[in-house]
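Numbering (the working numbering), first residue to last: 1 to 382.
What follows is the structure, encoded as structure tokens:
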């Protein structure tokens with residue numbers, strides 16, 4: 001996907017569910033409907049694995065690598081396999097928390113920020129990507145290059161969640177999955193994760209690894225979005241520098257206003273009525289988080305950053321049965337990095353604008369140029 005300049009327009013106000021011909025989906029933009037649907041067991045994740053098998057049968061082709069990777073994701077599983085996958089995911093996140101407690105995250109964040117020099121920096125590669133890549137690489141006993149490859153493969157797979165993907169996409173993604181699987185073919189135990197999760201020795205761990213790496217995108221996007229907001233607000237920078245305990249509230253607001261997930265896609269298994277609109281059984285739903293998170297009936301003065309909001313939470317890391325299990329770890333990484341950055345640096349927008357990947361579902365920064373200057377110039381090394 002080609003990069004596009006960061007968007008500055010405020011999203012449209014929430015409205016009742018609306019059918020979009022372009023998206024072939026019902027657009028959900030108000031908080032109450034989004035919360036009800038995301039908590040409804042009859043509202044399930046879209047299943048591109050089923051569409052893949054129908055396409056493969058019709059074309060007489062075998063997309064074996066793509067099929068294996070999709071089958072390795074818990075949202076497409078049931079029964080004992082799903083139970084085993086949940087144990088692996090829980091064990092992996094427990095491992096990350098053990099290896100990277102807050103003190104260790106703070107240390108890694110300081111290492112990154114101490115390497116900066118005054119002037120213009122590219123904050124995605126220097127900061128937003130760097131911390132989660134390091135955490136996930138060590139936690140999976142993989143090098144950073146392999147983590148990047150798995151991350152890019154997982155990002156490409158998101159195209160399967162859009163309505164009616166082109167047939168050519170399946171072959172492209174099958175080839176990408178083959179490359180990713182070959183890259184980790186010699187890495188069997190990933191630090192003995194099977195034993196930590198108490199699953200069978202033949203559990204197909206390799207096909208779950210792309211899913212395990214997927215939070216790198218969400219965490220990096222959360223950090224980048226928070227830094228972009230913070231760069232334009234020197235008063236909030238000064239406040240958080242003096243009151244770092246309020247950083248969790250700031251990151252929560254950044255996740256609400258500029259989080260990495262722009263849309264969540266679901267299928268409705270039973271008919272429902274919301275705001276007088278009938279949603280039929282089998283309806284495709286696109287939950288527009290940019291608008292849901294600005295619903296004025298829930299968030300007073302929605303464009304303003306309020307560090308101690310008491311209103312209902314946002315859905316930046318998903319919700320319901322498909323909520324991200326690594327939310328707390330992602331928040332910790334963002335808080336540690338921003339705290340380390342603010343302790344030494346003031347940040348401001350650079351002359352060149354941010355650039356985002358052109359994707360209606362994901363807010364992913366290709367570049368985030370920032371201007372940094374030392375908080376204490378007398379002790380700064382040029």
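Just so it is clear, CB atoms sit at the ideal spot from N, CA and C, and this is done for glycine as well. All values reported here derive from a predicted model rather than from experimental measurement.
task = Kindly indicate which residue of 43, 39 and 63 has the alpha-carbon position closest to the one of residue 50.
result = Residue mapping note: residue 50 aligns to position 50 of the chain shown, counting from 1. That would be 63, whose Cα lies nearest to the Cα of residue 50.
key: Range covered by the alpha helix (DSSP H) that runs through residue 15   = Counting from one through the chain shown, the residue named residue 15 turns up at place 15. Counting along the chain, residue 15 falls outside any alpha helix (DSSP H), and DSSP gives it neither H nor E.
key: Residues of its chain near residue 281, where Cβ-Cβ distance is below 7 Å and the 5 sequence neighbours each way are ignored   = Translated into positions along the chain shown, residue 281 becomes position 281. Result list for residue 281: 268, 269, 270 and 271, in chain order.
task = Let me know the secondary structure DSSP gives residue 313 once reduced to three states.
result = Against the chain shown, residue 313 aligns to sequence position 313. Three-state DSSP puts residue 313 in coil, outside helix and strand.
message = Suppose only complete runs of 4+ residues qualify. What are the alpha helix (DSSP H) ranges in the stretch 27-67, listed by chain order?
response = 31-38 and 48-59
ask   = How would you label residue 376, buried or exposed, when you count the other beta carbons within 10 angstroms and need 16 or more for buried?
value = Numbered from 1 along the chain shown, position 376 holds the residue referred to as residue 376. So residue 376 ends up on the exposed side.
query = Bridge partners of residue 265, per DSSP?
reply = By one-based count along the chain shown, residue 265 stands at place 265. Residue 265 is bridged to 286.
query = Going by DSSP, what residues sit across from residue 214 in a beta bridge?
reply = Here residue 214 is taken as the residue at index 214 of the chain shown, counted from 1. Its beta-bridge partners do not exist; DSSP assigns none.
query = Taking 8 Å as the CB-CB limit, is residue 171 close to chain D?
reply = Of the protein chains in this structure there is only one, and it is not chain D.
inquiry  = For residue 99 and residue 140, what's the separation of their Cα atoms in angstroms?
reply    = To locate residue 99, count along the chain shown from 1; it is residue 99. To locate residue 140, count along the chain shown from 1; it is residue 140. For residue 99 and residue 140, the distance between alpha carbons rounds to 11 Å.
inquiry  = According to DSSP, simplified to helix, strand and coil, what is residue 7?
reply    = The residue you call residue 7 lines up with position 7 of the chain shown. Low confidence applies here, because residue 7 scores a pLDDT of 47, under 50, leaving its location unreliable; read the following figure in that light. Correct three-state label for residue 7: coil.
query = When the Cα atoms are used, what is the spatial distance from residue 14 to residue 158?
reply = Position 14 of the chain shown, counted from the first residue, corresponds to residue 14. Position 158 of the chain shown, counted from the first residue, corresponds to residue 158. Computed Cα separation, rounded: 25 Å.
key: Cβ neighbour criterion (16 or more within 10 Å) applied to residue 345   = Within the chain shown, residue 345 is the residue found at index 345, counting from 1. When all chains shown are included, residue 345 counts as buried.
request  = Assess, as a yes-or-no matter, whether the stretch 209-216 is touched by the stretch 346-355 under the definition of 3 or more beta carbon pairs within less than 8 Å.
outcome  = no
task = Ignore the nearest five residues each way along the sequence and tell me which others in residue 177's own chain have a CB closer than 6 Å to its CB.
result = Within the chain shown, residue 177 is the residue found at index 177, counting from 1. Hits under 6 Å: 65, 66 and 69.
inquiry  = Since residue 112 and residue 131 should fall inside the 8 Å C-beta cutoff, what is the C-beta to C-beta distance between them, to a whole number of angstroms?
reply    = Position 112 of the chain shown, counted from the start, is the residue given in the question as residue 112. Position 131 of the chain shown, counted from the start, is the residue given in the question as residue 131. The pair is a contact, with the Cβ atoms about 6 Å apart (cut-off 8 Å).
ask   = What are the boundary residues of the beta strand (DSSP E) that residue 124 is part of?
value = Sequence index remark: in the chain shown, residue 124 carries index 124 (1-based). Note, residue 124: premise wrong, no beta strand (DSSP E); not H, not E.
task = Enumerate in chain order the residues of its own chain whose CB-to-CB distance from residue 179 is below 8 Å, with the five nearest sequence positions on each side excluded.
result = As a first step, residue 179 must be located in the chain shown, where it is residue number 179. Once the five neighbours on either side are set aside, the close Cβ partners of residue 179 are 149 and 153.
Residue from 370, 349 and 329 with nearest C-alpha to residue 92 = Residue numbering aside, residue 92 sits at position 92 when the chain shown is read from its first letter. For residue 92, the nearest C-alpha among the options comes from 329.
message = Does residue 336 pass the burial test, meaning 16 or more other C-beta atoms within 10 Å, or should it be called exposed?
response = Residue 336 sits at position 336 when you count from the first residue of the chain shown. Its Cβ being crowded by 16 or more others within 10 Å, residue 336 is buried.
task = Go ahead and pull the three-state DSSP assignment for residue 21.
result = Position 21 of the chain shown, counted from the start, is the residue given in the question as residue 21. In the structure shown, residue 21 sits in coil (DSSP, three-state: anything other than H, G, I, E or B).
query = When the Cα of residue 289 is compared with those of 306, 273, 361 and 137, which residue comes out closest?
reply = One-based indexing of the chain shown puts residue 289 at position 289. Looking at the Cα atoms, 361 is the closest of the given residues.
ask   = Cβ of residue 388 within 8 Å of Cβ of residue 294?
value = Here the chain covers residues 1 to 382 and nothing more, so residue 388 does not appear.
inquiry  = Between 208, 186, 110 and 21, which has its C-alpha nearest residue 333's C-alpha?
reply    = As a first step, residue 333 is located in the chain shown; it is residue number 333 there, counting from the start. Measuring from the Cα of residue 333, the nearest candidate turns out to be 110.
query = Are residue 309 and residue 253 close, meaning C-beta to C-beta below 8 Å?
reply = For the purposes of this step, residue 309 is taken as the residue at position 309 of the chain shown. For the purposes of this step, residue 253 is taken as the residue at position 253 of the chain shown. Yes.
task = Compare the beta carbon distance of residue 250 and residue 307 with 8 Å and say whether it is the shorter of the two.
result = Translated into positions along the chain shown, residue 250 becomes position 250. Translated into positions along the chain shown, residue 307 becomes position 307. Yes.
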